[in-house]
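Colleague: Residue numbers (the UniProt record's numbering): 1 to 259.
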Amino acid sequence: MEDRPRPRHRALYACQLVKEAGFPPGVLNVISGFGRVAGAAISSHMDIDKVAFTGSTLVGRQILQAAAKSNLKKVTLELGGKSPNIVFNDADIDNAISWVNFGIYFNHGQCCCAGSRILVQEGIYEDFLQRFKERAMKNKVGDPFNPDTFQGPQISQLQFDRVMGYIDQGKKAGAKVEIGGERLGTEGYYIQPTIFSNVNEDMSIVKEEIFGPVCSIQTFKTEEDAIKIANGTSYGLAAAIHTKDLNTAIRVSNEIRAG
1 MEDRPRPRHR ALYACQLVKE AGFPPGVLNV ISGFGRVAGA AISSHMDIDK VAFTGSTLVG
61 RQILQAAAKS NLKKVTLELG GKSPNIVFND ADIDNAISWV NFGIYFNHGQ CCCAGSRILV
121 QEGIYEDFLQ RFKERAMKNK VGDPFNPDTF QGPQISQLQF DRVMGYIDQG KKAGAKVEIG
181 GERLGTEGYY IQPTIFSNVN EDMSIVKEEI FGPVCSIQTF KTEEDAIKIA NGTSYGLAAA
241 IHTKDLNTAI RVSNEIRAG
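#1: Tell whether a beta-carbon distance below 8 Å holds between Gln121 and Asn89.
#2: Determine, using beta carbons only, whether Gly115 and Ile104 come nearer to each other than 8 Å.
#3: Could you check how far apart the C-beta atoms of Tyr166 and Ile205 are, in whole angstroms? I think they sit under 8 Å.
#4: If Pro84 and Leu28 are in contact, beta carbons under 8 Å, what's the gap, nearest whole angstrom?
#5: How far does the beta strand (DSSP E) with Val30 in it extend, from its first residue to its last?
#6: I need the DSSP call for Ser116, collapsed to helix, strand or coil.
#7: Assign Leu79 to one of three DSSP states: helix, strand, or coil.
#8: Please list the segments of the alpha helix (DSSP H) lying wholly inside the segment 147-230, counting only runs of 4 or more residues, in order along the chain.
#9: Taking only the alpha-carbon atoms, compute the straight-line gap between Glu211 and Ser43 and give it to the nearest angstrom.
#10: Could you check what DSSP says for Thr248 in three-state terms: helix, strand or coil?
#11: How would you write the range of the alpha helix (DSSP H) that Phe132 sits in, first residue to last?
#12: Could you name the residues of the same chain whose beta carbon sits closer than 8 Å to that of Met137, not counting the 5 residues immediately before and after it, in chain order?
#13: What's the call for Leu158, buried or exposed, on a 16-neighbour Cβ count within 10 Å?
#14: Just the C-alpha distance for Asp202 and Val252, rounded to the nearest angstrom, thanks.
#15: Could you give the residue range of the beta strand (DSSP E) that holds Ala38?
#16: For Tyr189, count the other beta carbons within 10 Å of its own beta carbon; 16 or more makes it buried, fewer makes it exposed. Which is it?
#17: Which of the three DSSP states, helix, strand or coil, is assigned to Ile42?
#18: Could you check whether the segment 238-246 touches the segment 143-154, counting it as contact only if at least three pairs of C-beta atoms, one from each stretch, sit closer than 8 Å?
#19: Which class does Lys19 belong to by DSSP, given the choice of helix, strand or coil?
#20: Going by Cα to Cα distance, which pick from Ile48, Ala173, Ser98 and Gly81 is closest to Val75?
#21: Sort out for me which residues DSSP pairs Val59 with in a bridge.
#22: Need the endpoints of the alpha helix (DSSP H) that Asn101 sits in, please.
#23: What's the C-alpha gap between Lys171 and Gly185?
#24: With DSSP run on the structure shown, which of helix, strand or coil describes Lys50?
#25: Among residues of its own chain, excluding the 5 on either side of Asp143, which ones have a beta-carbon nearer than 8 Å to its beta-carbon?
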C-alpha cells in the first residue's frame, strides 16, 4: 500500500489493524513516499503484477503508460468524476432527495463518484430545490467522531482552499448560491453544504471535479435533454437516475456514458 503524502497515519493505522486481525507478516506493507517517486516506482516495477489506483485522471494515464512500458501489469483505476443525478417528474421526491443529499455530501464530498451535478426535470424543479435545500441545511457538520455528525472537515488546508476557490469562481461566474458557500466556523477545514443554481456547462463548478461539499442544480425538459447534459463532461465514473418508470430508467441508463 502506497498512501498519499498527507495524512500518513491512515495507512499505518490500517496496517496495524491488519496485524491485530492475525494476518501473517508481509501480507500488507505500507510504502511511504510521494506519488511521483514511490508511485512511479511501483507502476513501472518489473516484479509487481497488479496496481490498483484511486486518484486523478492525469495520474491514472501515467500509471497505464508505465504499466505498458514495463511488464504489462494489470491495472485497476478509479479516477475523477463529475457524476450526474437525474431526477424525473415522476420520481419519489423524498426518496430522491435522500439519495441526492447522500450522494454529494457523503464523506464531505471527498468521493470520486460524488453526485455533484443535479439535473431535475422542469415539472418538479421548484419543489425539489426547496426541499433539497431544507434537507441539506439539516446535515450536521462537525466532529467526524461524533456519531450524529453527517459531514466532517475537508482533509487538509490545501483541499479546503481548493474547494473554497471553486466556490469563489462559481460566485464570480454568476451562479446563484442557494445555500452555503462559506466556511463554517473559524477553526478547522469545515465548509457549509453548498448548492449552486443558475449554472451553465461552461462554469468550472459544473465541468470540473471539486471534491468537496458543493453541487450544482439545473433543469431539463426532455429525456433527450437530460442525456445530453449528463454526457456533456470529460468524466464518466458514475450516474444515478430517479424515476418510477423502469423503462425510462433502463433506456436512459443505456445512453449515459458512465460506469
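From the three backbone atoms N, C-alpha and C, an ideal C-beta is built for every residue, glycine too.
Keep in mind it's a predicted model, so treat the numbers as computed, not measured.
Modeller: With the structure as the only source:
#1: In the sequence shown, counting from the first residue as 1, residue 121 sits at position 121. In the sequence shown, counting from the first residue as 1, residue 89 sits at position 89. Contact flag set, yes.
#2: As a first step, residue 115 must be located in the sequence shown, where it is residue number 115. As a first step, residue 104 must be located in the sequence shown, where it is residue number 104. Between Gly115 and Ile104, the gap from beta carbon to beta carbon is short of 8 Å.
#3: Position 166 of the sequence shown, counted from the start, is the residue given in the question as residue 166. Position 205 of the sequence shown, counted from the start, is the residue given in the question as residue 205. Right, their Cβ atoms sit about 6 Å apart.
#4: Within the sequence shown, numbered from 1, the residue matching residue 84 stands at position 84. Within the sequence shown, numbered from 1, the residue matching residue 28 stands at position 28. 36 Å between Cβ atoms; not a contact.
#5: The count along the sequence shown starts at 1 and reaches residue 30 at position 30. First-last for Val30: undefined, no H or E at that position.
#6: Here residue 116 refers to the residue found at position 116 when the sequence shown is read from its first residue. Coil, per DSSP.
#7: As a working mapping, residue 79 is identified with position 79 in the sequence shown. Coil.
#8: Counting only unbroken stretches of 4 or more residues, the alpha helix (DSSP H) elements lying wholly within the segment 147-230 are 157-172, 204-207 and 223-230, in sequence order.
#9: For the purposes of this step, residue 211 is identified with residue 211 of the sequence shown, where counting begins at 1. For the purposes of this step, residue 43 is identified with residue 43 of the sequence shown, where counting begins at 1. The question names Glu, but residue 211 is Phe in the sequence shown. If you take the alpha carbons of Phe211 and Ser43, they lie about 25 Å apart.
#10: In the sequence shown, residue 248 corresponds to position 248, counting from 1. Looking at Thr248 - three-state DSSP - the assignment turns out to be helix.
#11: Within the sequence shown, numbered from 1, the residue matching residue 132 stands at position 132. Start and end: Tyr125 to Met137.
#12: Position 137 of the sequence shown holds residue 137. Ile179 and Pro193.
#13: Within the sequence shown, the letter at position 158 stands for residue 158. Under this definition Leu158 is an exposed residue.
#14: Taking the first residue of the sequence shown as position 1, residue 202 is located at position 202. Taking the first residue of the sequence shown as position 1, residue 252 is located at position 252. So the alpha carbons of these two residues sit roughly 24 Å apart.
#15: Residue 38 sits at position 38 when you count from the first residue of the sequence shown. Ala38 -> no beta strand (DSSP E), and no H or E assigned at all.
#16: Taking the sequence shown and counting its residues from 1, the one referred to as residue 189 is at position 189. The residue in question, Tyr189, is buried, as its Cβ has 16 or more Cβ neighbours within 10 Å.
#17: Position 42 of the sequence shown, counting from 1, holds the residue named residue 42. In this structure, Ile42 counts as helix in the three-state DSSP scheme.
#18: no
#19: One-based indexing of the sequence shown puts residue 19 at position 19. Note: Lys19 maps to helix in three-state DSSP.
#20: Translated into the one-based positions of the sequence shown, residue 75 becomes position 75. Comparing Cα-Cα distances from Val75 to each of Ile48, Ala173, Ser98 and Gly81, the minimum goes to Ile48.
#21: Indexing the sequence shown from 1 puts residue 59 at position 59. None, per the DSSP bridge assignment.
#22: Along the sequence shown, one-based indexing puts residue 101 at 101. Run containing Asn101: Ile93 to Tyr105, per the alpha helix (DSSP H) assignment.
#23: Start at 1 with the first residue of the sequence shown, and residue 171 comes out as number 171. Start at 1 with the first residue of the sequence shown, and residue 185 comes out as number 185. Each residue's Cα considered, the two are about 20 Å apart.
#24: Looking up residue 50 in the sequence shown gives position 50. Of the three classes helix, strand and coil, the one that applies to Lys50 here is strand, per DSSP.
#25: Reading the sequence shown from its first residue, position 143 is the one you call residue 143. So the list reads Thr149 and Gly152, once near-sequence residues are dropped.
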